[in-house]
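Take any residue in the sequence shown, count from 1 to its spot, add 7: that is its number in the numbering used here.
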Amino acid sequence: MCIRDRPAVLATRAARNGRPSILLYAHHDVQPPGADELWETPPFEPTVRDGRLYGRGAADDKAGIMAHIAALRAVAEVLGDDFDLGVSLFIEGEEEYGSRSFARFLRDNADALRADAIVVADSGNLDSRTPGLTVSLRGNARFTLTVRTLEHASHSGMFGGAVPDAMMAAVTLLATLWDSDGAVAVDGMTSRDAQTPEYSEETLRDEAGLLDGVSPIGRDDIYGRIWNRPSITITGMDVTSVAEASNTLLPEVSLVISARVAPGQSAADAYAALERHLRRHAPFGAELTFSDIDLGDGFLVDTSGWAVELTRAAMGDGYGVAAVDLGVGGSIPFVADLVREFPGAQILVTGVEDPHSRAHSPNESLHLDTFRNAVRTEALLLARMNERAGES
């Protein structure tokens, strides 16, 4: 079923004989590739190299789609096409742009989408060999901030030193967002207290690509900084380019601020705290305008359900290594929509990515052994759910 003017496809098959039902989600849209020269091979020509498949969307999230299809095919080959498990396959095309139609799509198609368990194949694993079940996600608060100090551009030689230009005001303001360790310094943006696995600075340097001499930011355990604390990133800025720079005081600067929100705090509360901070610290009386506000709540998984137990067991058998519970520093805001619309469903956030996948970056890739293990895991989960009666 295609929904007109909505980039989503839904295929369903009802459960029979008292079997449960499962909804399998993935998305087909991808981030722009960026500059072609940063790619070792063309971003839209899939290339296998050293056991990895390179290309934009290889890991995020076209592999999620193919994992669902391959798992369903494997189950059908073993059990026959006539198995009793109810299955819905939901492929979306707006995830990278905020899933803005998602909540309405859920409401309009609630009967077709309702399931006992929902697999969101859009996350990752501890590493390429160790499966992870994502049990927490940070939220996000993204917006455009415009800083204005002058009615028009002015000559920097005539007025520089007496008049604050917008760039000076913006840089001064942005510096207040972090403390000397690089941790977020915004009152009202909270952190979550939870144990995390060991993660060494050496591993962080390797996986993140830190340059020699550049130190990590934040305090305490590294996974805690990524999974359980807020972060703030400047992801874009409209200013005069280097090539077009002149001796001019800029009247206005616009920039995009992307904040990750700790699990347990609403994105609305975090955004309100961030806006208060920026207004309170605006230097030289600079005029601030906030626009294009996009909010998404984080998520904490209820891990007590039978589907979670089945999934962990399937991961252990599929990978040959016991699964670990993971937090994820990224955001999948629509998971909160799923919880609101289907409060009785068990949410299973899985994925095929590993720390070297480089999703959203040049040279994105998929570890092919990880992909095979993910397919095996999902096929086992589907087959075992098909044996389970009376749990819906």
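Idealized CB from N, CA, C, for every residue including glycine.
The structure presented is a predicted model; accordingly, all values stated were derived computationally and were not measured.
Asked                                                                                          : Found
Ala66 versus Pro290: straight-line alpha-carbon distance, rounded                              : 43 Å
Residues bridged to Ile239 [DSSP beta-bridge criterion]                                        : Ala266
Tyr32: first and last residue of the uninterrupted alpha helix (DSSP H) it sits in             : Taken as a continuous stretch (DSSP letters only), Tyr32 belongs to no alpha helix (DSSP H), being part of the beta strand (DSSP E) at 28–34.
Distance, Gly87 Cα to Leu388 Cα                                                                : 16 Å
Identified DSSP bridge partners for Glu103                                                     : Glu103 is not bridged to any residue.
9 Å Cβ cutoff met for Val142 and Leu307                                                        : yes
When Gly220, Asp324, Leu317 are compared against Asp123, the one with the closest alpha-carbon : Leu317
Assigned exposure category for Ile339 - 16 Cβ within 10 Å defines buried                       : buried
Local conformation of Phe90 per DSSP, three classes                                            : coil
Beta-carbon proximity check, Arg20 vs Val94, cutoff 9 Å                                        : yes
DSSP three-state assignment for Pro290, whether helix, strand or coil                          : helix
Three-way DSSP call (helix, strand, coil) for Asn147 in this model                             : strand
Member of Met196, Leu211, Val260 whose CA lies at the smallest distance from the CA of Ser248  : Val260
Residues near Val328 by beta carbon distance below 7 Å, same chain, minus five either side     : Arg136, Thr137, Pro138
Pairwise C-alpha distance: His374 and Asp134                                                   : 10 Å
Ser372 versus Glu44: straight-line alpha-carbon distance, rounded                              : 16 Å
Sheet register partners of Thr384 (DSSP bridge)                                                : Looking at the DSSP assignment, Thr384 forms no beta bridge with any residue, so it has no partner.
CB of Pro204 within 9 Å of CB of Val331, strictly                                              : yes
CB of Tyr61 within 9 Å of CB of Asn254, strictly                                               : no
Coil, strand or helix - Tyr61 by DSSP                                                          : strand
Ala33 and Asp129 closer than 9 Å at C-beta                                                     : yes
CA nearest to the CA of Leu157, picked from Asp172, Gly164, Ser364, Glu214                     : Asp172
Nearest to Thr197 (by Cα), restricted to the options Phe297, Gln272, Leu30                     : Gln272
Whole-angstrom C-beta distance between Val356 and Val342, which should lie under 8 Å           : 7 Å
Beta-carbon gap between Ala366 and Gln38 smaller than 9 Å                                      : yes
Span of the beta strand (DSSP E), counted from its first residue to its last, around Arg56     : 54–56
Cβ-based burial, Leu59 [other Cβ within 10 Å; buried from 16]                                  : Here residue 59 turns out to be Arg, not Leu, going by the sequence shown. It counts as buried.
Short Cβ contact (9 Å threshold) for Phe297 with Thr151                                        : yes
Nearest neighbour of Thr210, chosen from Arg145, Pro27, Ala201, Ile229 [CA to CA]              : Ile229
Inter-residue Cα distance where the pair is Gly146 and His159                                  : 38 Å
From Ala279, Val126, Asn116, residue whose alpha carbon lies closest to that of Gly195         : Ala279
Top-ranked residue by Cα proximity to Ala320, from Ala386, His363, Leu257, Glu348              : Ala386
Selected residue, minimal CA-CA separation from Leu262, among Ala252, Arg283, Ile239, Ala274   : Ile239
For Cys9, three-class secondary structure by DSSP                                              : The pLDDT assigned to Cys9 is 46, lower than 50, so where the model puts this residue is not dependable; a value taken from the coordinates is nonetheless given after this. DSSP places Cys9 in strand when its eight states are reduced to three.
Inter-residue CB distance, Ile125 and Leu295 (contact presumed, cutoff 8 Å)                    : In fact, because the Cβ distance is near 40 Å, the residues do not count as touching under 8 Å.
Beta bridge counterpart(s) of Ser372 as assigned by DSSP                                       : Tyr61
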